[in-house]
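Residue numbers (my numbering), protein chains in the order written: chain A, 37 to 267; chain B, 37 to 267. Note that CB positions come from ideal geometry on N, CA and C, so glycine has one too. Given the structure is predicted, the values throughout are model-derived calculations rather than measurements. Data first, discussion second: the structure below is written as C-alpha cells.
There are 2 protein chains.
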Amino acid sequence: MAEILEQTDCKSCVFRTWAFDKLTREELDLINQNKKEVYYEKGEIICREGTPVENFLYLQKGLVKLYKTEKNDKEHIISIAKPLDFIGLLGIFSNKKHINTISVLENSTICFVDLNIIKQLMKNNGEFALDFIEKISKVSDDVLNTRLNINTKQLRGRIAFILLFFADHIYENKHFELPISRKEIAQLIDMSTENVIRILSEFRKDGIINIEGKFITINQPERLQKIYDLG
Amino acid sequence: MAEILEQTDCKSCVFRTWAFDKLTREELDLINQNKKEVYYEKGEIICREGTPVENFLYLQKGLVKLYKTEKNDKEHIISIAKPLDFIGLLGIFSNKKHINTISVLENSTICFVDLNIIKQLMKNNGEFALDFIEKISKVSDDVLNTRLNINTKQLRGRIAFILLFFADHIYENKHFELPISRKEIAQLIDMSTENVIRILSEFRKDGIINIEGKFITINQPERLQKIYDLG
DNA sequence: CGCGGCTTTGATGTTCATCAAGTAAAGTGG
DNA sequence: CCACTTTACTTGATGAACATCAAAGCCGCG
C-alpha cells in the first residue's frame, strides 16, 4: 500500500537542479514545506481521471503509466514516465480536473508538490516561471511527437519502437525486463494484443531479440532500428 | 505575396485580452514595438521546419495549417489554427528550431512577436508568465487530445470529426467552403485521399451532407455526431 | 490549349483486428 | 498446500477495414 515516506530536503533532490534551480533558498523552502514524498506499489493508482488537479507530480524512483479509460472500459496508454520525469502533461495548467489516470508499473516514489505553491512561485519569480516552462513543455511536446510518430508506422515499426524505447530510454540496457504486459504494449502503441505477441515471436524467430517471459534481450539493435526507421 | 501591414496598436487587439492582459501599459508598449503584422496569401509558407524559432505567432485573421514533412516528401498535417489562435505548439519554449512547417490556407494576417521579448516579460512579470502559460498550454493539450481521439476512430468517424470541426469550430455554420483539398483532409486525419472521397460520397448518398465541389452543407448534424461518437 | 494536379469510381491486395481454442502462469480461498 | 479461478500468453484461421493501383474526367493556370 501507498505510504508517506520520511521526507527528504528539496535542496538535495536531483530534480531541484532540473526545474527548481531558479528559486531562492526561501522559495525552495516553501516547496519543501508543501511537498510530500509518497511510496506506491505496483498497480496502485496515483491519480484518477476526473479528480481535481492539485499537485505537480514528479517521479523520483520507479515507473508509471499515464492513460485514459475509453467508453468500452478499454485503457489507452498515452505515455510512460521514468525516474526524474515530471509526470503528466501541461494540462495541469489549463485543466481543473485530471483528464488521464496515472498508475504505477514498478514500485515508485512520487513527490507531490502543491500546484498552488508552484503557481504562486511562478507569479513571484518570473525567471523561475520561464525556466520551468521551458523544461516541462518539452515533456508534452515529446509525448505529442512520439504519438504522431507511432501512428505513421506499421506494426513492426511500432514494436521496434517500443523495444528500443525500453532498452535505450528507460533501462539503458539491451537486456531488460518488460515492465508491462503484452496487452499494455498493445494499448500503448495502438494495436491488438495478439499482434504484439505475433510480431515479438517473429522478431525472436529472426534472431533479432531473445524472449524469456518478461525478459527481453536485443541481439540486433541496428536491425531493430532499421525496422523502426522504415516504418 | 507576403507584405508587412500598417501596424495597429496592441492595446486595441483582441488577442491582448486573451494573453496579454496581465501586462502593464509599459510592457504592452514593448510588445507593440517588437511585433510585426504581416499579410500572407494562400499557399505561402510562414515558417519552415528546421529554421530558428524567433517569434511567437498569433493568427489575427485567416486560416493556417501546421504540418511535418515526412521522409517520402509526404506531408502530415498536425493541426489547423483559426483566427485568434496562438499558432504553433509549446515546442517554441523547448526547441531552438521549428519542428513543423506552417503555411497559409486562407489569406491571413499574422502577428509576429519577438519571442525574446515575451521571454523577457515572463521573467519580469511572473503573473503574466503564469497566465500566459495557462492559456497557451491549452492549445498544445487540445492538439494532443484531438490526435489521440482521431486515432481511436475508424474512417467514418474521422470524416465525421473533420466535418463537424469545420462546421462547429472553424466556421460556426452548417454550410461552408472546405479550405483544404481532399488530399489535405487525408493528411490531417491519417487516411488515403481515395477513402476521404469515398466516405464523403457515402455521406452524400445517405443524405447526411450535400457536396458541391468545395462547398459542404451538413443536413443531419446529429447523425454525423452519432457517427463520430460511435467511432 | 495542353499540362499537371485534383477528384472520382472501381478493382485488387495487404494489413490488421477479431474470433477461437488451448496452454501457462498467477492469484484466491479453503 | 492444493483445487479453483482468473488473467496472461500463444498460435492459427477468418474476415473486415483500409491502402494501393488503375483509369478517366475535371479544373485551373500558364
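Per DSSP, the continuous beta strand (DSSP E) segment holding Ile81/B begins and ends at 81-83. CA-to-CA, the gap between Glu63/A and Asp57/A works out to about 11 Å.
Put simply, the segment 229-242 of chain A does not touch the segment 39-53 of chain B. Fewer than three CB pairs are less than 8 Å apart.
The criterion of a C-beta distance shorter than 8 Å is not satisfied by Asn68/A and Ile153/A. Taking the beta carbon of His211/B as reference, no residue of chain A falls within 7 Å; the closest one sits roughly 31 Å away. In the DSSP assignment, the residues bridged to Phe92/B are Val149/B. Residue pairing from DSSP places Asn246/A in a beta bridge opposite Thr253/A. In the three-state DSSP reduction, Gly98/B falls in the strand class (E or B). The C-alpha of Val100/A is placed about 7 Å away from the C-alpha of Ile138/A. Put simply, of Gly267/A, Leu214/A, Ala203/A, Glu248/A the residue whose alpha carbon is nearest the alpha carbon of Pro257/A is Ala203/A.
Counting only runs of at least 4 residues, the segment 175-251 of chain B fully encloses the following alpha helix (DSSP H) elements, listed from N- to C-terminal order: 191-200, 218-225, 229-241. For Glu142/A, the pairing in a beta bridge is given by DSSP as Leu99/A.
Judged by DSSP in its simplified three-state form, Ala55/A adopts helix. With a beta-carbon spacing of about 6 Å, Glu170/A and Ser130/B fall inside the 8 Å limit used to define contacts. Close CB contacts of Asn246/B within its chain, under the 6 Å cut and outside five residues either way in sequence, are with Thr253 (chain order). With at least 16 other beta carbons inside 10 angstroms of its own, Asn161/B counts as buried. Minimum Cα-Cα distance from Thr53/A among the listed residues Cys147/A, Glu85/A, Phe168/A, Glu142/A corresponds to Phe168/A.
In the structure shown, the three-state DSSP call for Ala165/B is helix. For the 8 Å CB-CB criterion, Val175/A and Asp121/A form a contact. The segment 133-150 of chain A makes contact with the segment 100-110 of chain A, as at least three CB pairs between them are under 8 Å.
Taking all protein chains in view, the Cβ of Phe92/B is crowded by 16 or more other Cβ atoms within 10 Å, so the residue is classified as buried.
Residues of the segment 156-169 of chain A that bring their beta carbon within less than 7 Å of a beta carbon in chain B comprise Met158, Lys159, Asn160, Asn161, Gly162, Glu163, Ala165, Leu166, Ile169, in sequence order. Exposed is the label assigned to Met37/A, since fewer than 16 other Cβ atoms lie within 10 Å of its Cβ.
Of the residues Glu73/A, Asn185/A, Ser144/A, Ile221/A, the one whose Cα lies closest to the Cα of Ile195/A is Ile221/A. Per the DSSP secondary-structure output, Glu39/B pairs in a beta bridge with Tyr75/B.
Within the segment 177-195 of chain B, contact with chain A at the beta-carbon level (separation under 8 Å) is assigned to Asp177, Val179, Leu180, Asn181, Arg183, Leu184, Asn187, Thr188. At least 8 Å separates the CB of Gly243/B from every CB of chain A.
Around the beta carbon of Ile82/B, 16 or more other beta carbons sit within 10 angstroms, so the residue counts as buried. Residues of chain B whose Cβ lies closer than 8 Å to the Cβ of His112/A are, in chain order, Leu184, Thr188.
Within the DSSP secondary-structure output, His134/A pairs in no beta bridge.
For the segment 94-121 of chain B, the beta-carbon criterion of a distance under 8 Å to any beta-carbon of chain A is satisfied by Lys104, Glu106, His112, Ile114. Taking CB atoms only, Phe129/B has a neighbour in chain A less than 8 Å away.
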